[in-house]
Amino acid sequence: MCGLPHPDEPVCHLCRPFLPFNKIFCERCGAPLDARQPEGVRCASCQANPPPFTIARAPFRYSFPVDSAIKALKFDGKLYYAPALGRYLSRELMRMPPYVDALVPVPLHRGRHARRGFNQAIELCRPLRRASGLRMLTGVKRVRPTRPQSGLTATERRKNLRGAFAVRGPLRSRYPVIVDDVMTTGETCRQLALTLLEHGAEEVAVLSVARSTSPPQAAAM
Ligand SMILES: [Zn+2]
Ligand SMILES: [Zn+2]
Numbered sequence: 643m644c645g646l647p648h649p650d651e652p653v654c655h656l657c658r659p660f661l662p663f664n665k666i667f668c669e670r671c672g673a674p675l676d677a678r679q680p681e682g683v684r685c686a687s688c689q690a691n692p693p694p695f696t697i698a699r700a701p702f703r704y705s706f707p708v709d710s711a712i713k714a715l716k717f718d719g720k721l722y723y724a725p726a727l728g729r730y731l732s733r734e735l736m737r738m739p740p741y742v743d744a745l746v747p748v749p750l751h752r753g754r755h756a757r758r759g760f761n762q763a764i765e766l767c768r769p770l771r772r773a774s775g776l777r778m779l780t781g782v783k784r785v786r787p788t789r790p791q792s793g794l795t796a797t798e799r800r801k802n803l804r805g806a807f808a809v810r811g812p813l814r815s816r817y818p819v820i821v822d823d824v825m826t827t828g829e830t831c832r833q834l835a836l837t838l839l840e841h842g843a844e845e846v847a848v849l850s851v852a853r854s855t856s857p858p859q860a861a862a863m
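Quick note: the sequence shown uses the numbering used here, first residue 643, plus one each step.
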């Protein structure tokens with residue numbers, strides 16, 4: 643975060659205490675909670691509208707300095723944040739069900755991918771693939787350009803993403819893990835998980851660097 647090296651950690655010992663680790667969360671969807679819930683009790687959102695994915699985890703909450711790191715990665719092309727954040731993702735991946743068998747980076751529509759020059763989710767998958775040996779599936783596409791999700795209500799987000807994803811060719815995974823940078827309402831992951839389940843996945847898990855409960859203001863996602 644400050645640029646000082648540390649021999650074992652991706653973040654130096656001075657910055658580490660400031661990292662917003664997501665310590666208390668819904669055991670189903672990973673949403674940050676204020677207080678620990680009794681075992682088996684899920685967040686209000688999961689109770690009202692159970693997600694199609696089995697489990698979602700994020701090492702961080704979407705706040706400083708992780709939010710700045712993600713924005714720098716995404717909007718300023720600071721790709722060196724990907725391996726650092728990937729180290730924390732890898733630790734979460736180890737706690738996923740042992741049978742997960744592939745990584746699915748959330749695809750960008752080709753127009754946006756071309757303008758940005760990279761897909762941050764693919765960049766985050768690279769260190770995960772190296773650490774875990776899991777394959778990265780790239781046959782999943784965003785077939786419809788979607789408006790940025792920020793500033794939209796939950797219903798608008800759902801509508802915005804309907805039919806957004808498609809799988810090209812057979813899905814060579816039964817237990818894929820979706821990988822993304824930030825999960826907000828989870829609508830992107832819900833729609834992508836539904837697409838994967840329609841194409842033969844048995845169970846879908848989700849891994850994101852950071853988790854926010856309310857849509858972040860101003861910053862375009
Ligand atoms: Zn530091
Ligand atoms: Zn939940």
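Don't be surprised by glycine CBs; every beta carbon is placed ideally from N, CA and C.
Taking just the CA atoms, how far does residue j sit from residue i?
i	j	result
P858	P680	Only weak support is given to the placement of P858: the predicted model assigns it a pLDDT of 43, under 50, and the value that follows is read from those uncertain coordinates. Spanning the two alpha carbons is a distance of roughly 28 Å.
A861	S732	Interpretation of A861 is limited by its pLDDT of 40, a score under 50 that renders its predicted location unreliable; no figure is taken from the coordinates.
P812	A744	13 Å
S792	T826	9 Å
N761	C685	30 Å
T830	L803	7 Å
R853	Y741	24 Å
V785	H655	43 Å
F695	R789	23 Å
E651	A690	39 Å
L661	V848	21 Å
F807	A763	15 Å
G828	C688	11 Å
S699	G672	Here the sequence assigns Arg to residue 699, which means Ser is not the residue at that position. If you take the alpha carbons of R699 and G672, they lie about 5 Å apart.
K665	R752	35 Å
D718	D709	13 Å
L675	R658	21 Å
L735	T797	30 Å
L794	V821	22 Å
L644	V683	Here the sequence assigns Cys to residue 644, which means Leu is not the residue at that position. Looking at the two C-alpha atoms, the distance is approximately 38 Å.
R754	K783	12 Å
L834	G805	9 Å
I697	R737	11 Å
Span of the alpha helix (DSSP H) holding residue i?
i	result
R832	829 to 840
R804	Taken as a continuous stretch (DSSP letters only), R804 belongs to no alpha helix (DSSP H), as it is neither H nor E.
S774	762 to 774
R733	723 to 736
Residue i lies in the beta strand (DSSP E); which residues open and close that run?
i	result
L745	744 to 747
R758	Counting along the chain, R758 falls outside any beta strand (DSSP E), though it belongs to the alpha helix (DSSP H) covering 752 to 758.
S843	One point to set straight first is that residue 843 is Ala, not Ser, in the sequence displayed. A843 -> no beta strand (DSSP E), and no H or E assigned at all.
R789	Element bounds for R789: n/a, residue is neither H nor E.
K783	782 to 784
For residue i, write down the residues that DSSP places opposite it in a beta bridge.
i	result
S850	D822
R594	Absent from the model: residue 594. The displayed extent of the chain is 643 to 863, so no value can be given.
Under 7 Å from any heavy atom of ligand 3, does the C-beta of residue i make it?
i	result
R810	Within the structure as shown, ligand 3 is missing, the only ligands being ligand 1 and ligand 2.
Could I get the ranges of all uninterrupted alpha helix (DSSP H) runs contained in the segment 646 to 717, with 4 residues as the minimum, in chain order?
686 to 690, 708 to 717
Tell me whether the segment 701 to 712 and the segment 744 to 757 touch, counting them as touching only if at least three CB pairs, one residue from each stretch, are closer than 8 Å.
no
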